[in-house]
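Peer 1:
Residue numbers (the numbering used here): 1397 to 1623.
1) Quick check: what's the CA-CA separation for residue 1509 versus residue 1584?
2) Cα separation between residue 1600 and residue 1460?
3) Should residue 1523 and residue 1532 be called a contact, given that it needs their Cβ atoms to be closer than 9 angstroms?
4) Going straight from the alpha carbon of residue 1604 to that of residue 1562, what length do you get?
5) Just how far apart, CA to CA, sit residue 1462 and residue 1426?
6) Considering Cα atoms alone, identify which of 1448, 1616 and 1534 is closest to residue 1569.
7) How would you write the range of the alpha helix (DSSP H) that residue 1580 sits in, first residue to last?
8) From residue 1595 to residue 1492, what distance separates their C-alpha atoms?
9) Out of curiosity, what's the CA-to-CA distance linking residue 1443 and residue 1574?
10) Quick one, are the C-beta atoms of residue 1420 and residue 1472 less than 9 angstroms apart?
11) So, using beta-carbon positions, are residue 1520 and residue 1482 closer together than 9 angstroms?
12) Could you name the residues of the same chain whose beta carbon sits closer than 6 angstroms to that of residue 1485, not counting the 5 residues immediately before and after it, in chain order?
13) DSSP three-state label for residue 1637, please.
14) Where do the N-terminal and C-terminal ends of the alpha helix (DSSP H) with residue 1489 fall, by residue?
15) Compare the beta carbon distance of residue 1448 and residue 1466 with 9 angstroms and say whether it is the shorter of the two.
16) Pull up the DSSP beta-bridge partners for residue 1398, would you.
17) Whole angstroms are fine: how far does the CA of residue 1434 sit from the CA of residue 1405?
18) Nearest by alpha-carbon distance to residue 1495: which of 1538, 1606 and 1454 is it?
19) To the nearest angstrom, how far is the alpha carbon of residue 1476 from that of residue 1579?
Structure follows, in structure tokens:
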């Protein structure tokens, strides 16, 4: 079968039917299938892996590596489609599956079985909150771990108050504290050690329980440090 041309081709030549002692059954009538029926039946068939792969890349804008990993397991591909159906940035859902969820299913057998208690709808709800910037990536990651442990929705772990985030004045005060209380990290960063800056970000995240926006935090810290 040639999937590009959508036709079947003979692999080798055979002898005539007579040589096989083939005799046509006179009571069997010819069956003609219309093009309309063929197209109808095609639509009823499940998508093949390569078809999903093309959709994931061309319609969902997923990287090829992501698409390849998702279609490798039928249940995971279907889970992804259901979880991401109301999400514009489907890469978010892909990241959750290929990251935190895959880490809980390290073997091929476990991924093939895909026995997790979290409904795809709940993962989609988490992605919607992250996509709309109502929660930070850190909050989403922490919530997802609890969701995977319990099978419960994100609202069980993140309240409306949590989603209010941190106002700019409070964040600035925390950034000043981070700089004042971590002078060694500041000096290391100014000396060219980029990793030292991450400890300042970590300080803010611990103080805010992951509510601070990482990009805004980075900007404020660099402004205060004088970068």
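C-beta: ideal position from N, C-alpha, C; glycine also.
All of these numbers come straight from a predicted model, not from anything done at the bench.
Peer 2: Taking the structure as given:
1) For residue 1509 and residue 1584, the distance between alpha carbons rounds to 48 angstroms.
2) 35 angstroms
3) No, these two residues do not count as a Cβ contact at 9 angstroms.
4) 8 angstroms
5) 47 angstroms
6) When only C-alpha atoms are compared, the closest one is 1616.
7) First-last of the alpha helix (DSSP H) with residue 1580: 1579 to 1586.
8) So the two alpha carbons sit approximately 24 angstroms from each other.
9) 53 angstroms
10) no
11) Yes.
12) 1527
13) Residue 1637 lies beyond the range of the chain shown here (1397 to 1623); nothing can be said about it.
14) Taken as a continuous stretch (DSSP letters only), the alpha helix (DSSP H) holding residue 1489 covers 1486 to 1492.
15) Against a cut-off of 9 angstroms, the Cβ pair of residue 1466 and residue 1448 comes out as a contact.
16) 1403
17) 19 angstroms
18) It is 1538 whose Cα lies nearest to the Cα of residue 1495.
19) C-alpha of residue 1476 to C-alpha of residue 1579: approximately 45 angstroms in a straight line.
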